Amino acid sequence: MAKSEQLFNIILSHEGGWSNHSSDRGGKTNMGITLSTWKSCGYDKDGDGDIDSDDLRLITKDDVFTLFKKYYWDKCKADYIHSQSIANYCCPIKHFCDNKIRADSIFRSQPFVVISLLQYKIK
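If you use my numbering, the sequence shown closes out at 1552, no skipped numbers anywhere.
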């Protein structure tokens, strides 16, 4: 079975720490988590009564993993995918599709759907 930790480590290897680049549409970001994502899924880390960039600066790798597991990996039901490679491919694509990027703009054919469905173990 696929392991969430493996994909998480790949993602984290491409994400840095704190950034707030004007050319990045995500704005304030820490370890790949944008402020808007932290506001919708995170919590008030510094206890000052609001969720803001100060909280985003305080997030840990464990916080990021918890978010990744709950809102990306588990939504894909990736624990049921036998192949790690397929899980590594499906989870990010599911995220893009959930964010209203049409799957057919990424894939011009449908073998992906068949392959990923074949990987699920029906319980």
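Ideal Cβ placement from N, Cα and C applies to all residues, glycine included.
Bear in mind that the values here come from a model prediction, so they are computed numbers and not experimental data.
| message | In whole angstroms, give me the CA-to-CA distance for L1487 and H1511. | response | Here residue 1487 refers to the residue found at position 58 of the sequence shown. Here residue 1511 refers to the residue found at position 82 of the sequence shown. Spanning the two alpha carbons is a distance of roughly 35 Å.
| task | Kindly indicate which three-state DSSP category T1495 falls into: helix, strand or coil? | result | Translated into positions along the sequence shown, residue 1495 becomes position 66. T1495: helix per DSSP, three-state reduction.
| query | In whole angstroms, what separates the C-alpha of Y1501 from that of C1520? | reply | Sequence index remark: in the sequence shown, residue 1501 carries index 72 (1-based). Sequence index remark: in the sequence shown, residue 1520 carries index 91 (1-based). So the alpha carbons of these two residues sit roughly 6 Å apart.
| When we look at the beta-carbon of K1459 and count the other beta-carbons within 10 Å, is it buried (16 or more) or exposed? | Counting from one through the sequence shown, the residue named residue 1459 turns up at place 30. The amino acid occupying residue 1459 in the given sequence is Asn; Lys does not appear at that position. Buried is the call here.
| query | Taking all protein chains shown into account, do 16 or more other C-beta atoms lie within 10 angstroms of the C-beta of I1544, making it buried, or fewer, making it exposed? | reply | As a working mapping, residue 1544 is identified with position 115 in the sequence shown. Note that I1544 scores 46 on pLDDT, short of 50, meaning its location in the model is unreliable and no value can be drawn from it.
| Which residues mark the beginning and the end of the alpha helix (DSSP H) in which W1467 is found? | Translated into positions along the sequence shown, residue 1467 becomes position 38. Counting along the chain, the alpha helix (DSSP H) containing W1467 begins and ends at 1464-1470.
| query | Where H1443 and G1461 are concerned, what is the direct C-alpha to C-alpha distance, given to the nearest angstrom? | reply | Taking the sequence shown and counting its residues from 1, one reaches residue 1443 at position 14. Taking the sequence shown and counting its residues from 1, one reaches residue 1461 at position 32. CA-CA distance, H1443 to G1461, rounds to 9 Å.
| query | Residues bridged to N1459 by DSSP? | reply | Working through the sequence shown from its first residue, we reach residue 1459 at position 30. Its beta-bridge partners are W1447, I1462.
| request: Using the Cα positions of T1495 and K1506, report the straight-line distance between them to the nearest angstrom. | output: Here the question's residue 1495 lines up with position 66 in the sequence shown. Here the question's residue 1506 lines up with position 77 in the sequence shown. T1495 and K1506 have their C-alpha atoms some 15 Å from each other.
| query | Where does the unbroken alpha helix (DSSP H) through R1486 begin, and where does it stop? | reply | For this step, residue 1486 is matched to residue 57 along the sequence shown. Residues 1482-1486.
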